[in-house]
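In our numbering, the protein residues as written are 47 to 398.
Heads up, the beta-carbon is just placed ideally off N, CA and C, and yes, glycines get one too.
Comments concern the structure below.
The structure is reproduced here in C-alpha cells:
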C-alpha cells in the first residue's frame with residue numbers, strides 16, 4: 047500500500063537521521079537500505095542491521111554494502127527472475143505444443159510460431175541477462191518458419207530441441223529459489239512453502255513442526271576470522287543440516303546465520319530429536335582455515351522448535367519457534383528448546 051505524503055516525508059527524515067547517527071554517507075544505496083529498515087516491512091533486514099551495528103550505533107560501509115546486496119539488490123533480482131522464468135516457461139510450452147501438433151497441418155501453425163517469436167523478442171529486450179537462452183529459442187522458431195514445407199519431416203528433432211530448452215528454463219527457475227551462498231532454499235522459497243505446508247497439514251489433520259536454528263557467537267567468529275571464513279561456516283552448517291533432512295522436509299536459510307526447517311507430518315517429540323541430531327552433527331565438525339589448515343575449533347547451534355496449532359498463521363508459528371530459539375540462547379546456547387519447555391518456564395515464572 048502506498049504511503050501518504052506526510053508519512054513518506056517523516057520516514058525520509060528519520061532515515062537521514064539514522065544514516066547520520068550510523069556514520070554512513072547519504073548515498074542512494076545507503077538511503078534505500080535505511081529507508082527499508084525505517085519503514086519496518088522487512089523484519090529480517092532490521093534484525094541484520096541491529097546485529098551488524100556496534101555498541102556505539104555505528105555501521106561500516108563494508109557491512110552496509112553487504113546488507114544492501116543481500117536484502118535490497120538480491121531480493122529485487124530474485125523477484126524479477128521469478129516473474130521472467132514464469133513467462134518464459136509459458137511461452138516455450140506454447141512453442142512445444144505447436145511442434146508436437148504440427149504434423150497435422152504444418153502450414154497452419156506458421157502464424158502461431160511468428161506470434162510466439164515476437165513475444166520472445168519482446169521478452170529479450172526487457173531482460174538482456176538471459177539473451178543467450180532466448181536467442182536459442184528464437185532460432186528454433188525462425189528455422190521452423192523458414193523451412194515450413196519440410197516441417198513435418200523435422201518434427202521429432204524440433205520437439206527434442208524445445209524439450210531441452212524447457213529443461214534449461216526449469217533449471218533457471220530452480221536456481222532462483224536457492225540461496226546463492228549455501229545452496230539451500232532461500233527466504234522467499236521458505237515463506238511460500240511454509241504457507242502451503244501449513245494448509246496441507248490442516249486439511250489432512252496432520253502435524254507440522256518448524257525448527258529455527260542460529261549459529262552461536264557467529265558475529266564474534268566473523269569479526270575474528272573474516273567474512274570468507276564466516277561464509278565457509280555457513281556453507282558447512284547448511285551441508286550438515288541438509289544431510290539430516292529428507293523427503294518433503296524443507297531446509298532454508300532464514301537470514302544471516304539463521305536456518306529454518308519445515309517438517310510436515312512430524313510431531314514435537316520427533317522434531318526435537320531431529321533438532322538435537324543436527325546440533326550434535328554440527329558440533330562434531332571441526333573447522334579448519336582452508337589456506338593455512340589452521341584449526342579454528344568447533345561451532346555450535348541453538349535451535350527452537352514449535353508445532354502448528356489450528357489457529358496459527360505463518361507469522362505466529364515463526365514467532366513461537368523464534369521465542370524457543372531465544373530461550374535456547376538464554377539457557378547457555380548449544381541446546382534445543384521446544385515450545386512445551388518454554389510454556390513450562392513461563393508457567394514457573396508465573397507461580398514464582
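Residue range of the beta strand (DSSP E) that includes residue i
i, result
"residue 310", "304-310"
"residue 348", "347-353"
"residue 382", "382-384"
"residue 373", "Segment 360-376 is the alpha helix (DSSP H) holding residue 373; no beta strand (DSSP E) there."
Same chain, Cβ closer than 7 Å to residue i, neighbours up to 5 away in sequence not counted
i, result
"residue 469", "Lying outside 47 to 398, the shown extent of the chain, residue 469 is not represented and no answer is given."
"residue 382", "318, 321, 322, 325, 349, 351 and 374"
"residue 79", "110, 113, 114 and 118"
"residue 175", "Any reading at residue 175 needs caution, since the residue's pLDDT is 47, under 50, leaving its predicted position unreliable; the model's value is listed next. None."
Alpha helix (DSSP H) segment containing residue i, residue limits
i, result
"residue 336", "Counting along the chain, residue 336 falls outside any alpha helix (DSSP H), and DSSP gives it neither H nor E."
"residue 276", "273-288"
"residue 60", "51-68"
"residue 94", "89-98"
"residue 81", "74-85"
"residue 114", "Where residue 114 is concerned, there is no enclosing alpha helix (DSSP H), given that its DSSP letter is neither H nor E."
"residue 325", "314-329"
"residue 248", "233-250"
Buried versus exposed call for residue i [16 or more other C-beta atoms within 10 Å across all chains shown]
i, result
"residue 227", "exposed"
"residue 74", "exposed"
"residue 235", "buried"
"residue 328", "buried"
"residue 95", "buried"
"residue 100", "exposed"
"residue 301", "buried"
"residue 344", "exposed"
"residue 116", "buried"
"residue 150", "Note that residue 150 scores 49 on pLDDT, short of 50, meaning its location in the model is unreliable and no value can be drawn from it."
"residue 312", "buried"
"residue 68", "buried"
Spatial neighbours of residue i in its chain, beta-carbon cut-off 8 Å, leaving aside the 5 residues before and after
i, result
"residue 354", "244, 247, 248, 253, 254, 255, 256 and 363"
"residue 280", "227, 228, 261, 299 and 303"
"residue 92", "83 and 86"
"residue 81", "57, 58 and 61"
"residue 17", "This structure cannot speak to residue 17, because the chain is shown only from 47 to 398."
"residue 30", "Residue 30 lies beyond the stretch modelled for the chain, which goes from 47 to 398, so this question has no answer here."
Candidates the options, of which the one nearest residue i by Cα
i, options, result
"residue 403", "389, 388 and 346", "Given that the chain is displayed from residue 47 to residue 398, the structure contains no residue 403 and the question cannot be resolved."
"residue 334", "276, 82, 98 and 57", "276"
"residue 108", "90, 89 and 76", "76"
"residue 338", "271, 389, 286 and 312", "271"
"residue 251", "356, 367 and 365", "356"
"residue 294", "308, 104 and 344", "308"
"residue 389", "376, 377 and 366", "366"
Other residues of its chain near residue i: CB distance less than 6 Å, five sequence neighbours each side excluded
i, result
"residue 225", "232 and 299"
Supposed contact pair residue j and residue i - C-beta distance, whole angstroms, cut 8 Å
i, j, result
"residue 296", "residue 287", "No, residue 296 and residue 287 are not in contact; Cβ-Cβ is about 11 Å, not under 8 Å."
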